[in-house]
Structure formats: structure tokens, C-alpha cells
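Using our numbering, the letters of the sequence shown correspond one by one to residues 29 to 93.
In this text, a Cβ means the ideal position worked out from N, Cα and C, and glycines have one as well.
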Amino acid sequence: MVEEIAPVAASVATSYTNKKVVTHIYDSDKEGQHKVVQDVYLTTVYDAQGRISTVTTAHSIDYLV
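Shown next as C-alpha cells:
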């Protein structure tokens, strides 16, 4: 008996990552300086076994300029 074999392309998971950076600038207590806050969001979308799933990570960076 011959069994059907799934195509290789159908069994390989595909994914992509989207990066979004949101920047806010605030006045600082120090004269002539500003506080910069950047929120970084990474969203990964992947297809595993015919199901679309997403994972989002976030981190924040702040500094004075």
C-alpha cells in the first residue's frame, strides 16, 4: 500500500517579526536636558501546523540628552 507524503513546504513553519519603536521626549529637571523614553515592541507571527500564533515582547529604554 502506498501512503501519501505531505509536501515539504507544508510542513515547514514560516514566521516574520515586526518591530515598532515608540519614542517620547519629556522635559527634564536638569536645565537644558530632555528625557527620552523609547518603548520597543517585537511581534513575531508564525504558522505552525496550520495555526497562526503571535508572540509579543516589549522593553523600554530611557536616557537624558
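Can you give me the start and stop residues for the beta strand (DSSP E) that Lys58 sits inside? Numbered from its first residue, the sequence shown carries residue 58 at position 30. From DSSP, Lys58 is part of no beta strand (DSSP E); its letter is neither H nor E.
Give the DSSP-derived three-state secondary structure of Val68 in the structure shown. Along the sequence shown, one-based indexing puts residue 68 at 40. It is a strand residue.
Under a three-way DSSP split, which group does Val93 fall into? Here the question's residue 93 lines up with position 65 in the sequence shown. In this structure, Val93 counts as coil in the three-state DSSP scheme.
Straight-line gap, Gln61 to Ile53 (C-alpha atoms, nearest Å): Residue numbering aside, residue 61 sits at position 33 when the sequence shown is read from its first letter. Residue numbering aside, residue 53 sits at position 25 when the sequence shown is read from its first letter. Approximately 10 angstroms between the Cα atoms of the pair.
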